[in-house]
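Input: a single structure, listed below in structure tokens.
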Amino acid sequence: MLGLFTPNYYIHRFNALRPAYLKEHGIELLVCDIDNTLVAHDIAVPDQDVLDFLTAIKEAGIQIVFISNNVEERVATFAKGLDIPYYPFALKPLPKTYWKMLKDYKINKKHVAVLGDQLMTDILGANFVGLHTILTAPVVERDLACTKINRKFENMVFKLLKKTKRLTKGVYHE
Numbered sequence: 166m167l168g169l170f171t172p173n174y175y176i177h178r179f180n181a182l183r184p185a186y187l188k189e190h191g192i193e194l195l196v197c198d199i200d201n202t203l204v205a206h207d208i209a210v211p212d213q214d215v216l217d218f219l220t221a222i223k224e225a226g227i228q229i230v231f232i233s234n235n236v237e238e239r240v241a242t243f244a245k246g247l248d249i250p251y252y253p254f255a256l257k258p259l260p261k262t263y264w265k266m267l268k269d270y271k272i273n274k275k276h277v278a279v280l281g282d283q284l285m286t287d288i289l290g291a292n293f294v295g296l297h298t299i300l301t302a303p304v305v306e307r308d309l310a311c312t313k314i315n316r317k318f319e320n321m322v323f324k325l326l327k328k329t330k331r332l333t334k335g336v337y338h339e
């Protein structure tokens, strides 16, 4: 069961994810969460670090898609002008949106990686579907009220992961 909460790769910040790592793992589609993965939840548009990261991934020939539990307006505003498709109100960790993506892109799940900042939504949902999971530390400490609740449960899971020597919070793979 703890395996569903264990990412394949754990990084300190989204831009520590190198295209070479994705290529080595056969990744053709990178599914990116937005809020607190790429920017704080209250930042409407990507900053230069995010733009540079997205450009590097695209230049490596890897497709990108955004996924978010946030509303369409927020996700559309963030994605505007980036030529990156998105799936808002994804209801992660439920797997429905991940399955829809696989169908939409006609891609085998072994070629898909998911980048997110939460064990309880991003990692759990993607692992349930069998995708390659990449956990990043949150961009900022502040969270929405609902995410604060998830973080409490997440901290309990981190303790179990540490106890079982699967993962230690703050000890990154890169």
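Under my numbering, the first residue of the sequence shown carries the number 166, and numbering increases by one thereafter.
Just so it is clear, CB atoms sit at the ideal spot from N, CA and C, and this is done for glycine as well.
Where F231 is concerned, the enclosing beta strand (DSSP E) starts and stops at Q228 to I232. Boundaries of the alpha helix (DSSP H) around T242: E237 to A244. Counting along the chain, the unbroken alpha helix (DSSP H) around T220 starts and ends at Q213 to E224. Annotation: D287 is outside any alpha helix (DSSP H) and is labelled neither H nor E by DSSP. The alpha-carbon separation between I192 and P172 amounts to approximately 15 Å.
Checking the DSSP bridge columns, you'll see L194 partnered with Q228 and V277.
Taking C-beta atoms as the reference points, T286 and N234 count as a pair closer than 8 Å.
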